[in-house]
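Student: So that we are looking at the same thing, I have put the structure below in structure tokens.
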Amino acid sequence: MKVGLHQGSVLSPLLFVTVKEITTTELRAGLPEELLYADDLILMAESEESLREKIVKWRSGLEAKGLKT
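Quick note on numbering: the sequence shown equals residues -2 to 66 in the working numbering.
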């Protein structure tokens, strides 16, 4: 990568939030099951199996958009 934003740039947080919003819109079910904070994701479920399904859904959805998990 030859071009990018410098750390501390005013545009960095804005671009990060914009990309995160666009890439996760169709994956989100909303509170209280999912919580997005900064660059972290918290998933909650009633059972272990349900949680595994959510993890697979998020992983495949993000990888389909070219994001590494």
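Backbone N, C-alpha and C fix where the C-beta goes; we use that ideal spot for every residue, glycine too.
Contact defined as beta carbons within less than 8 Å: I believe Leu48 pairs with Ala42. What is the distance between those atoms, to the nearest angstrom?
Tutor: Taking the first residue of the sequence shown as 1, we reach residue 48 at position 51. Taking the first residue of the sequence shown as 1, we reach residue 42 at position 45. Sure, about 4 Å apart at Cβ, within 8 Å.
Student: Can you grab the Cα-Cα spacing for the pair Lys51 / Ile19, in whole Å?
Tutor: Looking up residue 51 in the sequence shown gives position 54. Looking up residue 19 in the sequence shown gives position 22. Taking the straight line joining both Cα atoms gives about 19 Å.
Student: Spell out the partners DSSP gives Ile19 in its beta bridges.
Tutor: As a position in the sequence shown, residue 19 is number 22, starting the count at 1. Bridge partners of Ile19: none, in fact.
Student: Tell me, which residues are paired with Glu31 by DSSP?
Tutor: Your numbering for residue 31 matches position 34 in the sequence shown. Answer by DSSP bridge pairing, in chain order: Leu40.
Student: Is Gly58 close to chain B, meaning its C-beta is less than 8 Å from at least one C-beta of that chain?
Tutor: Looking at the structure shown, chain B is missing, and only one protein chain is on hand.
Student: If you draw a straight line from the C-alpha of Lys17 to the C-alpha of Lys62, how long is it?
Tutor: Numbered from 1 along the sequence shown, position 20 holds the residue referred to as residue 17. Numbered from 1 along the sequence shown, position 65 holds the residue referred to as residue 62. Using only the alpha carbons, I get a separation of about 11 Å.
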